[in-house]
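Trainee: Mind looking over this structure? Questions follow.
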Amino acid sequence: MSRRGELMGQLLDALRRTGAWSVAMSQSAAERIGVNTTDLHCLNLLSDGPMTASELARRAGITTASVTGVIDRLEAAGYVRRERDGADRRKVVVTLLTEQAAKDVAPVFQPFVRAWREAMDGYTDEQLELIAGFLGRTQEVFRNEVGRMRAAE
């Protein structure tokens, strides 16, 4: 196998293991926060900004019936607010209540963020730029593949 082939294999294996650890971390964080992993996933998605319930369901990969339960639980916990869409009153827009999330969710992830920053301290700005570009491309591949898989259902 060529050196490039070996490196590609190492990267793919590292991505697989990173994904598995990411799932484990999400499960542990959700337990600490007192929500389930789907609810935490939806909170993460809502940190990008308000979205309709149907958009949240689509991005989370759950049914619109399931997202109603997620929103109910998150609203009861004080993490989100439902509002009618100004342009289309039939639609519901879900907004993350950042103050409550900052109080309950952020502290769970602060040690991780500190450790991650420390791990990145040894890289030059150019290396960080390369890594950020790689992760951006990786996200694009994931987004495209999720879309492809869902379209095949």
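Numbered by the numbering used here, the letters in the sequence shown go through residues 70 to 222 in order. Quick reminder that beta carbons are idealized off the backbone N, C-alpha and C, glycines included.
Measuring alpha carbon to alpha carbon, tell me which residue in Gln208, Leu114 and Ser97 is nearest Gly130.
Mentor: Leu114
Trainee: Measure the CB-CB distance between Ser135 and Ala126 and report whether it falls below 8 Å.
Mentor: yes
Trainee: Please determine, among Ala171, Arg128 and Arg150, the residue with the shortest C-alpha to C-alpha distance to Phe211.
Mentor: Arg128
Trainee: How big is the Cα-Cα spacing for Ala184 and Lys160?
Mentor: Rounded to whole angstroms, Ala184 to Lys160 spans 41 Å at the Cα level.
Trainee: Here's the rule: buried if 16 or more other CB atoms are within 10 angstroms of the residue's CB, otherwise exposed. What is Tyr192?
Mentor: exposed
Trainee: Does DSSP put Thr132 in a helix, in a strand, or in coil?
Mentor: coil
Trainee: Select from Leu84, Arg73, Pro176 and Asp173 the residue whose C-alpha is nearest the C-alpha of Arg206.
Mentor: Among Leu84, Arg73, Pro176 and Asp173, the Cα nearest to that of Arg206 belongs to Leu84.
Trainee: Which residues mark the beginning and the end of the beta strand (DSSP E) in which Arg158 is found?
Mentor: Per DSSP, Arg158 lies in no beta strand (DSSP E) segment and is marked neither H nor E.
Trainee: So does Arg127 have its beta carbon nearer than 7 Å to some heavy atom of the ligand MG?
Mentor: Judged by which ligands are present, the structure shown has none, so any question about the ligand MG falls away.
Trainee: Which value, in whole angstroms, describes the spacing of the CA atoms of Thr167 and Thr87?
Mentor: Their backbone Cα atoms lie some 27 Å apart in a straight line.
Trainee: Would Ala221 be called buried (16 or more neighbouring beta carbons within 10 Å of its own) or exposed?
Mentor: Classification of Ala221: exposed, given that the 10 Å Cβ count is below 16.
Trainee: In the DSSP assignment, what residue or residues form a beta bridge with Met120?
Mentor: Under DSSP, Met120 shares a beta bridge with Val163.
Trainee: What are the start and end residues of the alpha helix (DSSP H) that includes Gly216?
Mentor: Annotation for Gly216: the continuous alpha helix (DSSP H) segment containing it runs Asp194 to Ala220.
Trainee: Grab me the residues of Pro119's own chain with a C-beta within less than 6 Å of its C-beta, minus the 5 sequence neighbours each way, in chain order.
Mentor: In the same chain as Pro119, and ignoring 5 residues on each side of it, the C-beta atoms closer than 6 Å to its own belong to Val162 and Thr164, in chain order.
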